[in-house]
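Residue numbers (this note's numbering): 448 to 657. Glycine is no exception: its CB is placed at the ideal position from the N, C-alpha and C atoms.
Below is the structure:
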């Protein structure tokens, strides 16, 4: 039991460190900001995800030590890379990402979906090993297993809608995949519910006999 719980906890030990400007939605204006102890800062170049240069040598507005340049030509999915320099000759490079709804699709997002599925399956298998007499515990385990399955389906749908590649997938194809997974989990849950009610009914009938 302890090893089983340790496995579940280990699956969720996922972290992601990001140092870029952030993720923004399609056609959203991006405030490119930096804080430098300089009298002036210029953006040297800013490029589309396909490396096409959009702007060159644009001065950033200054407010105290904060410099800003508002960029609104974000009609393409992907990572925009820009470099900037101050009056002292220091050069910096950064980037920001544009997705459909401003949510970043990363490796950890994909791993999270897999984690939900693994935990759901492990809980489902473990639920079947529990004695029938402990039907309350069995019920809780199966309900939590179903929850993990639903979270996996929901997360997969979000990732599909945000991914540049997956956004090219037809809507009908995506709906079909999500529907199949949902039907499988729903079928399993209904089957288990029927079995649970039968067990409870048998227990009550047995008690009435005595």
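Asked, Found
"Around the Cβ of residue 538, are there at least 16 other Cβ atoms within 10 angstroms (buried) or fewer (exposed)?", "exposed"
"When the Cα atoms are used, what is the spatial distance from residue 589 to residue 572?", "9 angstroms"
"Taking the C-alpha atoms as reference points, what is the distance between residue 506 and residue 558?", "41 angstroms"
"Going by DSSP, name the residue or residues bridged to residue 472.", "546, 548"
"Distance check for residue 581 and residue 542, CA to CA, integer angstroms please.", "55 angstroms"
"With a threshold of 6 angstroms on Cβ separation, who are the neighbours of residue 517 within its own chain once the five nearest residues in sequence on each side are excluded?", "476, 478"
"Enumerate in chain order the residues of its own chain whose CB-to-CB distance from residue 564 is below 6 angstroms, with the five nearest sequence positions on each side excluded.", "599"
"Please work out which residues of its chain come closer than 7 angstroms, Cβ to Cβ, to residue 474, disregarding the five sequence neighbours upstream and downstream, and give them in chain order.", "521, 522"
"Using CA atoms only, rank isn't needed, just tell me which of 577, 630, 645 is closest to residue 593.", "630"
"Within the same chain, show all residues whose beta-carbon is closer than 7 angstroms to that of residue 471, passing over the 5 residues directly before and after it, in chain order.", "477, 521, 543, 545, 549"
"Between residue 490 and residue 529, is the Cβ-Cβ spacing less than 8 angstroms?", "yes"
"DSSP has residue 477 in a bridge; who is on the other side?", "518"
"Candidates 503, 514, 467: which alpha carbon is nearest residue 483's?", "514"
"Could you have a look at residue 567 and say whether DSSP puts it in helix, strand or coil?", "helix"
"How would you call residue 480, buried or exposed, if buried means at least 16 neighbouring beta carbons within 10 angstroms?", "exposed"
"Ordered along the chain, which non-local residues of its own chain (more than five positions away) have a Cβ less than 6 angstroms from that of residue 494?", "500, 528"
"Which residue wins for smallest C-alpha separation from residue 511, given the options 498, 534, 487, 637?", "487"
"Quick one: is residue 617 buried, meaning 16 or more other Cβ sit within 10 Å of its Cβ, or exposed?", "For residue 617, the pLDDT reaches just 45, beneath the cut-off of 50, and the residue's location in the model is therefore unreliable, leaving the point undetermined."
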